[in-house]
Ligand code: C2O
Ligand code: CU
Ligand code: CU
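In my numbering, the protein residues as written are 436 to 892.
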């Protein structure tokens, strides 16, 4: 039974309406009741989507839609999810941006064994930080994320923030042809450049999707880039004022959204959007291209002032005076492996001279850095390539300090878009023991070498 586009729109609207009303309590992802002790039963399964009118796309989804069901939890609370794998392939769930124990991080052979078809796995962890996060598999990622296994995870602040209205806007490109059939998720020629781009963009799973916002009032818009490859150059066209309140989950001093904001794969921004006139529309754009539309509906109240800055998350402040500096070079693999033809992915990229091999389950046994628990470190990130790389770390957030290409007001993040030939300095406190993935979030860069493990002990 295909899920028709109309259903997707309704599902999206339902989630949007739920936003801002607080945690809804137990949310059922697909029939049944969560087992005792769990808040959610999350089912990954094949779903036929109608992305191209009249055509079926054989997607994989968390629940019945792709992007999948939005999970919501309050900051400081436990998130308890029983994950059922009803896919034909092994999978895991990684909770992008959440600081959690290694056993819950969803990296196969590092944090857990893969969850086989028909099996389940229990994820249980506390969420320390409020903000917009997301979840996805960490196995055969080009295909699994490409087919639709991506979904928002919203951590609500414990106290009211002043935002009355809220919408989640998930962006994803689909690797589909005119018949809705999947195209290759990664081709070496593209993997060696910007990454393999999809051809059909979507907003909350709907090409040119529409999101309603009330006139004259401030709506919190959580904009999530859940795509494998695309960096969206986000801008709005229309009669509205917009301010950025948070980057990748962490609050900043609000600044106006002006020209293009470059939102790389895996990255999120939280906007406050105030449209002026009812009945107008605001285009959500990637550079000059429309991704979707905010339709401005009648005001529902008196309008509110701009909410104050969001409360900071309880992140450890790096001790810069005593921090050790570690260089990380992101570059081309000197010689692409000659066995490239047999390997499932060629080695095209490397970190500090080492290419991660996704077919080798022992790579994480050879971390490229060993950090001492509790100490502060400065990472010097050097992009020695002509392509940009959204650099992401598991298990800990880091503080963006400086760049040779731009002026930086320091902020905490879990993913930093490192521009071509850019050098940036970030800092962190190594406060979470474990072996943590450190990788580019362009999925076919990650699967062709641009991943490493960092050990904290
Ligand atoms: Cu979004 Cu390794 O993760
Ligand atoms: Cu992650
Ligand atoms: Cu990259």
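Ideal placement from N, C-alpha and C gives every residue a C-beta, glycine not left out.
| query | result |
| --- | --- |
| Residue 497 and residue 586 - do their beta-carbons sit closer together than 8 Å? | yes |
| Are the beta-carbon atoms belonging to residue 529 and residue 540 less than 8 Å from one another? | yes |
| Measuring straight from C-alpha to C-alpha, what distance separates residue 600 and residue 688? | 20 Å |
| Could you tell me if the beta carbon of residue 566 falls within a distance shorter than 7 Å of some heavy atom in ligand 2? | no |
| Taking only three categories from DSSP, how would you classify residue 880? | helix |
| From what residue to what residue does the beta strand (DSSP E) around residue 758 run? | No beta strand (DSSP E) contains residue 758, which DSSP labels as neither H nor E. |
| With respect to 7 Å, is the separation between the Cβ of residue 532 and the closest non-hydrogen atom of ligand 2 below this value? | yes |
| Shortest alpha-carbon distance to residue 625 belongs to which of 886, 880, 888 and 749? | 880 |
| The beta strand (DSSP E) with residue 494 in it runs from where to where? | 492-497 |
| Can you tell which of 651, 547 and 574 has its C-alpha closest to the C-alpha of residue 716? | 651 |
| Assuming residue 581 is part of the alpha helix (DSSP H), what are its boundary residues? | 576-581 |
| Does residue 440 come out as helix, strand or coil in the three-state DSSP assignment? | Note that residue 440 scores a pLDDT of 33, beneath 50, so its modelled location is shaky and nothing firm can be said. |
| In the DSSP assignment, find the unbroken alpha helix (DSSP H) run with residue 624 in it and report its ends. | 623-626 |
| Using a Cβ-Cβ cut-off of 7 Å (strictly less than) and excluding sequence neighbours within five positions of residue 839, which residues of its own chain qualify? | 857 and 858 |
| For the structure I just gave you, are there three or more beta carbon pairs, one from the region 625-640 and one from the region 678-687, closer than 8 Å? | no |
| Pick out every residue whose C-beta is nearer than 6 Å to a heavy atom of ligand 3: which are they, in chain order? | 824, 875, 877, 880 and 885 |
| Throw me the rounded Cβ distance for the residue 868 and residue 891 pair, which I believe falls under 8 Å. | 5 Å |
| How many Å lie between residue 646 and residue 565 at the Cα? | 23 Å |
| Check whether the Cβ of residue 684 sits closer than 7 Å to any heavy atom of ligand 1, and report yes or no. | no |
| Between 513, 690, 538 and 672, which has its C-alpha nearest residue 728's C-alpha? | 672 |
| Based on Cα-Cα distance, which residue from 616, 495 and 512 lies nearest to residue 580? | 495 |
| Exposed or buried, what is residue 808 when buried is set at 16 or more other beta-carbons lying within 10 Å of its beta-carbon? | exposed |
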